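One structure below.
2 protein chains.
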Amino acid sequence: MTHFPCGAVNKLAEAIRRTGSQLSVGLEPCAAYLPAGFSPDVKGYERFLRTVIDATVGIVAAYKFNLAFFEALGPPGWELLFKIRRVLPDDVLIIADAKRGDIGTTAEHYARALYDELGADSATVNPLMGRDSAEPFLAHADKLTYFLVLTSNPGAQDFLIPGGLYRSIASGVSSWNSRGNCGAVVGATRPGRVAEIRGLMPEIPFLIPGIGAQGGDLEVVAREGRGSSASSRTQARLLFHVTRGVLPLKSDAGDASAIIRAKTGEWNSRVTAALDGRGA
Amino acid sequence: MTHFPCGAVNKLAEAIRRTGSQLSVGLEPCAAYLPAGFSPDVKGYERFLRTVIDATVGIVAAYKFNLAFFEALGPPGWELLFKIRRVLPDDVLIIADAKRGDIGTTAEHYARALYDELGADSATVNPLMGRDSAEPFLAHADKLTYFLVLTSNPGAQDFLIPGGLYRSIASGVSSWNSRGNCGAVVGATRPGRVAEIRGLMPEIPFLIPGIGAQGGDLEVVAREGRGSSASSRTQARLLFHVTRGVLPLKSDAGDASAIIRAKTGEWNSRVTAALDGRGA
């Protein structure tokens with residue numbers, strides 16, 4: 005097996021090999037996402053998150069905490085975050101989607117919170133403040149830090165796209181990758197942009213949100229994100245994230261766990277088909 | 005007295021009028037900042053933060069929580085944050101320096117965490133993802149949201165300065181200010197830049213970090229940040245932040261509280277002198 009310098013990248017590559025899945029599933033205690041029968045309180049959210057994990061363990065490569073939903077619950081939410089972290093298996097990538105970004109000792113403390121205290125393998129970081137804001141995360145050599153490069157929301161037109169800022173960020177992050185522990189958050193937008201970013205950072209792992217409810221074009225982003233190499237040693241380069249897409253709709257009858265497992269299987273098939281260029 | 009549409013801006017203007025201070029003081033439970041005699045644990049940090057508050061209450065206009073330092077303590081840190089929030093007086097601006105930035109329902113939950121749960125009057129936000137990432141914060145019409153516009157760290161040269169991204173952000177934020185509840189984080193950098201930003205957002209409150217330990221040029225930033233108007237109705241437009249600058253050095257003997265109060269008084273004098281164009 006190929007060995008990557010960064011432990012978290014190795015863990016992701018191994019989880020993908022073992023499960024055959026290039027999917028990350030979201031852990032988001034949000035009232036709007038709760039299936040029928042779960043109460044919108046800390047107890048209900050805990051049961052919901054445990055159900056998601058039980059239903060998907062062994063068939064996904066990663067879990068991603070969205071910290072906003074935990075923080076909105078106040079101090080009990082931060083407790084819940086740590087509690088759920090402790091029930092996650094050790095052989096998947098655990099991502100803290102926190103989009104932190106600050107400088108100096110502040111950035112060091114954010115990295116410590118996510119990597120040392122919470123024990124995440126990976127975190128999302130906002131690169132706006134530049135290299136010295138990234139370095140305290142990258143100093144955790146065995147962790148995989150995904151930097152925001154391009155997002156698929158309308159507001160990407162405000163700053164990221166004009167003047168090609170996302171290209172500057174892609175080049176910048178690529179130059180920060182001496183330890184092999186940089187990743188990139190790349191939203192599925194119009195055709196061509198993901199290929200362009202892949203061209204600027206050929207070996208860097210992409211975390212691709214928005215393939216479920218947000219309706220990104222999976223086929224296009226899979227083809228462009230894969231780039232010229234499709235060998236197994238580079239599989240850590242593509243991780244597709246879905247949250248709402250694997251959850252029961254309010255109208256879905258039946259066992260939440262079985263529905264989540266079935267929908268996750270469908271998403272795995274869709275991603276595999278897209279990566280093979282076959283459609284789903 | 006002038007009435008601003010945003011309650012938090014009113015509160016800041018009134019606190020400045022009442023105290024004569026345009027200073028924000030940092031609440032940062034960091035081991036490196038602890039005076040002699042305080043233990044680097046949650047109990048010691050609580051005593052430290054209470055000491056800072058007791059020593060400065062009535063002589064500063066704002067307090068700023070740096071969330072990184074609380075998060076690095078794990079769940080007890082988030083508890084401490086809320087506990088300290090409850091002991092802060094109601095008549096000062098309470099800023100949650102969190103630099104969050106995300107989209108849609110995630111951004112809504114970050115805003116809810118800081119504004120509804122924690123009860124901050126103000127928060128710092130990273131504008132990289134654009135207007136739809138800002139809107140969930142701005143929908144809290146009575147809160148003052150400070151957006152990162154320009155920072156003084158070396159990494160500002162990576163993305164914020166090339167191509168004048170900070171100018172685009174200043175113009176963008178200015179266009180988001182229909183409710184009068186936008187602010188800007190503006191670092192003291194080389195002469196000319198703060199004036200340029202003030203020109204793009206004439207009435208927007210600036211939060212100016214880095215005047216203490218980071219050694220920004222207080223005179224220059226005061227003159228340029230004040231802009232053409234220096235009337236009392238616009239005093240909320242300048243808030244200078246200091247953390248380490250008011251804390252005892254490890255070598256300082258004597259009562260921590262008395263030292264903090266004396267240093268805060270000195271910073272108040274320096275800021276006032278700089279705003280009057282007199283030097284300190």
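These protein sequence lines map, in sequence, to chains G and B.
The numbering of the first sequence is the working numbering, which starts it at 5 and goes up by one.
The numbering of the second sequence is the working numbering, which starts it at 5 and goes up by one.
Glycine included, C-beta positions come from ideal geometry on N, C-alpha and C.
Everything numeric in this text was worked out from a predicted model, so none of it was measured.
Decide yes or no for the touch test of the stretch 180 to 188 of chain B against the stretch 158 to 172 of chain B: beta carbon pairs closer than 8 Å, at least 3 of them.
-> Touching, no, given that fewer than three Cβ pairs across the two stretches are closer than 8 Å.
Measuring only between beta-carbons, confirm whether N70 of chain B sits less than 8 Å from chain G.
-> Cβ-Cβ to chain G under 8 Å: yes for N70 of chain B.
Contact list for the stretch 181 to 212 of chain G against chain B, Cβ threshold 8 Å = Against chain B - using a Cβ distance shorter than 8 Å - the stretch 181 to 212 of chain G contributes no residues.
In chain order, what residues of the same chain lie with their CB nearer than 8 Å to the CB of D58 of chain B, ignoring the 5 residues before and after it?
-> Correct list, in chain order: S261.
Min CB distance H245 of chain B to chain G below 8 Å | Chain G, which has no Cβ nearer than 8 Å to the Cβ of H245 of chain B, makes this no.
Give the DSSP bridge partners of C34 of chain B, in chain order.
-> Per the DSSP secondary-structure output, C34 of chain B pairs with nothing in a beta bridge.
Roughly how many angstroms separate the alpha carbons of D106 of chain G and V129 of chain B, rounded to a whole number?
-> So the alpha carbons of these two residues sit roughly 11 Å apart.
So is the beta-carbon of D280 of chain G under 7 Å away from any non-hydrogen atom of the ligand HEM?
-> Looking at this structure, you won't find the ligand HEM or any other ligand, since it has none at all.
Find out if the Cβ-Cβ distance for the pair D120 of chain B, P158 of chain G is shorter than 8 Å.
-> No, these two residues do not count as a Cβ contact at 8 Å.
So which residues of chain G does F86 of chain B contact, with C-beta pairs closer than 7 Å?
-> The contacting residues are G78 and P79.
Spell out whether any CB of chain B is found under 8 Å from the CB atom of K147 of chain G.
-> For K147 of chain G, no Cβ of chain B is located within less than 8 Å of the residue's own Cβ.
Tell me, please, whether the stretch 203 to 216 of chain G touches the stretch 224 to 234 of chain G by the rule of three or more beta-carbon pairs shorter than 8 Å.
-> Yes, since at least three Cβ pairs between the stretch 203 to 216 of chain G and the stretch 224 to 234 of chain G fall closer than 8 Å, the two stretches touch.
At a CB-CB cut-off below 8 Å, which residues of chain G make contact with K254 of chain B?
-> Simply none; closest approach about 16 Å.
Assigned secondary structure, K68 of chain B (DSSP; H/G/I helix, E/B strand, else coil) | Strand.
Would you list the one or two residues that DSSP bridges to S126 of chain B?
-> DSSP lists B:I99 and B:L148 as partners of S126 of chain B.
Within 8 Å (strictly less), CB to CB, does S236 of chain G reach chain B?
-> Bear in mind that the predicted position of S236 of chain G carries a pLDDT of just 45, short of 50, making it too unreliable to give a figure here.
Cα-Cα separation, A127 of chain B to R171 of chain G = If you take the alpha carbons of A127 of chain B and R171 of chain G, they lie about 29 Å apart.
Can you name, in chain order, every residue of its own chain whose Cβ lies under 8 Å from the Cβ of S178 of chain B, other than the five neighbours on each side?
-> Taken in chain order, the residues that qualify are C186, L204, M205 and I208.
What's the call for N272 of chain B, buried or exposed, on a 16-neighbour Cβ count within 10 Å?
-> Buried: at least 16 other Cβ atoms inside 10 Å.
Length of the line joining the Cα atoms of A117 of chain B and F73 of chain G = Per the coordinates, the alpha-carbon of A117 of chain B lies some 8 Å from the alpha-carbon of F73 of chain G.
So who's on the other strand from L27 of chain G, going by DSSP bridges?
-> The bridge partners DSSP lists for L27 of chain G are G:F244.
Span of the beta strand (DSSP E) around A188 of chain B = Under the DSSP assignment, A188 of chain B falls in the beta strand (DSSP E) whose first and last residues are C186 to V190.
Does L169 of chain G come within less than 8 Å of chain B when only Cβ atoms are used?
-> Yes, L169 of chain G lies at the interface with chain B (some Cβ there is under 8 Å from its Cβ).
For chain G, find out if any of its Cβ atoms is closer than 8 Å to the Cβ of E83 of chain B; answer yes or no.
-> Judged by the 8 Å Cβ criterion, E83 of chain B is in contact with chain G.
Alpha-carbon spacing of I173 of chain B relative to Y37 of chain B, whole angstroms | The C-alpha of Y37 of chain B is placed about 33 Å away from the C-alpha of I173 of chain B.
Residue burial classification, Q239 of chain G (beta-carbon count within 10 angstroms, cutoff 16) = Here Q239 of chain G is buried. Its C-beta has 16 or more other C-beta atoms within 10 Å.
Exposed or buried, what is E270 of chain G when buried is set at 16 or more other beta-carbons lying within 10 Å of its beta-carbon?
-> Exposed, by the Cβ-count rule.
Assigned secondary structure, F210 of chain G (DSSP; H/G/I helix, E/B strand, else coil) | Strand.
If you draw a straight line from the alpha carbon of A12 of chain B to that of S255 of chain G, how long is it in whole angstroms?
-> Near 42 Å, if we compare the C-alpha coordinates of S255 of chain G and A12 of chain B.
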